[in-house]
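Residue numbers (this note's numbering): 45 to 458.
Positions of the beta carbon are idealized from the N, C-alpha and C atoms, including for glycine.
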Ligand code: ADP
Ligand code: ASP
Ligand code: MG
């Protein structure tokens, strides 16, 4: 019998009626003759509430305790879904991460799934039950509860699909597929029937919440068909696929944005070997992931180094860099060479155009800059790769930029 992993996000579980509707979808899938495993997130807004609670009690909450706190959201929803399925006359059993077990490394709040136990889930299915697994959480080899990063339930679902040799992984959410831009921001956004893994990886990495980045990585690596559907309406959804020869390649496929970053600049940096490592090393050591990095050609043997970090890590990044600048100055033979200043700005947004067609179309960057110029939007940073162009702008202009670029690249419905 074919096994299907179905995942329901928080947006699909906003109230008890939606919980019952999700249970009905699960039961319908089983009645079609499939074996089913369900993965769920916390109910809508619950993880945000828990995170706010943590930050209200402590300015820099202990990551271990935050994991214990945040994991509780999914504990509620698995039990409710399991009960709703049972009420439809089908046996179901809820599982927390440590009961499956979903093993992870010990990196609290951004743990990586290392292995998923098959036996418990197999046993449950063989007994005729539908296992309902808590997404987003896992257990470290030490027995510690971990979480795998916000939005991580998609990744739990794909990891379970891989471990259980599932036929496919279905992600049910509040939109009926992957769109050419966030449909909450761009009314004319269009659902794509198919999107390539390569483009989806960029979209997920650059702010499109609809799929968690690691879920796309795992599905690609282990060839698990990954589909996005609405839990509210029936429809064809979006299939994430490998690039095919006959696929149409428009110059730009989608526009995405990310408001969860902040910009840090170190000015007056001496232009000497090893300085980037000396400045960024301690930031990396604190497990802060540095994203766009821009360093200009030096003038008078001085340069500025600018990079972005997750907004939650902004204050800590400034502190680490200021301490490091003081240390470098104190330890230098010639301290006047180290008169650097650390400044930051967290009112930024990164807006990105993604498309496989960029490989073969010229002039896309120019069109993007021209569009932003027409609306008086100042570009603070630029970065490009083979299939994307990202700009950092003031966050107040983010929605305008996304809409205007979406229309400039003709991505919408008529
Ligand atoms: P869930 O709770 O189901 O995991 P998420 O909020 O994580 O749902 O992801 C779904 C949301 O992703 C949608 O409501 C939509 O606003 C947003 N989104 C951003 N970019 C896109 C896109 N390109 N296509 C579809 N949805 C997108
Ligand atoms: N509940 C978690 C979050 O809000 C995980 C998820 O939604 O995928 O981040
Ligand atoms: Mg999500």
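- Three or more Cβ pairs drawn from the region 299–316 and the region 344–357 lie within less than 8 Å of each other, which places the two stretches in contact.
- Three or more Cβ pairs closer than 8 Å define a contact, and the region 431–441 meets that threshold against the region 405–423.
- Here residue 122 is near residue 139, since their CB atoms are less than 8 Å apart.
- Scanning its chain for C-beta atoms nearer than 6 Å, with the 5 sequence neighbours on each side dropped, one finds around residue 258 the residues 199, in chain order.
- A straight-line Cα-Cα distance of about 16 Å links residue 343 and residue 380.
- From the listed residues 338, 247 and 206, the smallest Cα separation to residue 426 is found for 338.
- Rounded to whole angstroms, the separation of the alpha carbons of residue 243 and residue 400 is 7 Å.
- In the DSSP annotation of this structure, the continuous segment of the alpha helix (DSSP H) that includes residue 374 starts and ends at 358–375.
- Annotation for residue 218 indicates a beta carbon at 7 Å or more from all heavy atoms of the ligand MG.
- Approximately 16 Å separates the beta-carbon atoms of residue 273 and residue 260; this is outside 8 Å, ruling out the contact.
- Closer than 7 Å to some heavy atom of the ligand MG: that does not describe the Cβ of residue 271.
- Between the C-alpha atoms of residue 94 and residue 62 there is a straight-line separation of about 21 Å.
- Spanning the alpha carbons of residue 228 and residue 395 requires a straight line of approximately 15 Å.
- Around the ligand MG, the residues selected by a Cβ distance under 5 Å to any of its heavy atoms are 53 and 195, following chain order.
- Proximity to residue 110 across 155, 129, 377 and 318 peaks at 155, based on C-alpha coordinates.
- Residue 295 and residue 433 have their C-alpha atoms some 12 Å from each other.
- Between the region 243–256 and the region 187–202 there are three or more C-beta pairs closer than 8 Å, enough to call the two in contact.
- Going by beta carbons, residue 118 and residue 178 fall inside the 8 Å limit.
- Taking 8 Å as the upper bound for CB-CB distance, residue 271 and residue 212 are in contact here, some 6 Å apart.
- Within the DSSP bridge table, the entry for residue 428 names 433 as partners.
- Between residue 245 and residue 300, the gap from beta carbon to beta carbon reaches 8 Å or more.
- In the displayed model, residue 131 falls within a helix according to three-state DSSP.
- Annotated as distal: residue 224 and residue 407, with beta-carbon spacing of 8 Å or more.
- Taken atom to atom, the span from the alpha-carbon of residue 195 to that of residue 88 is near 12 Å.
- The C-beta of residue 190 has 16 or more other C-beta atoms within 10 Å across all chains shown, which makes the residue buried.
- When DSSP assignments are scanned along the region 168–216, the uninterrupted stretches of beta strand (DSSP E) that are 3 or more residues long and fall wholly within it turn out to be 174–178, 181–183 and 189–191.
- Residue 159 is bridged by DSSP to 147.
- If you look at residue 397, you'll find it in the beta strand (DSSP E) that goes 392–398.
- Between residue 206 and residue 125, the C-beta spacing is not below 8 Å.
- The region 348–365 and the region 276–291 do not touch, with fewer than 3 CB-CB distances between them shorter than 8 Å.
- Between residue 216 and residue 453, the beta carbon gap of about 29 Å keeps them out of contact (Cβ cut-off 8 Å).
- Residue 308 places its beta carbon 8 Å or farther from that of residue 369.
- Residue 226 has its CB nearer than 7 Å to a heavy atom of the ligand ADP.
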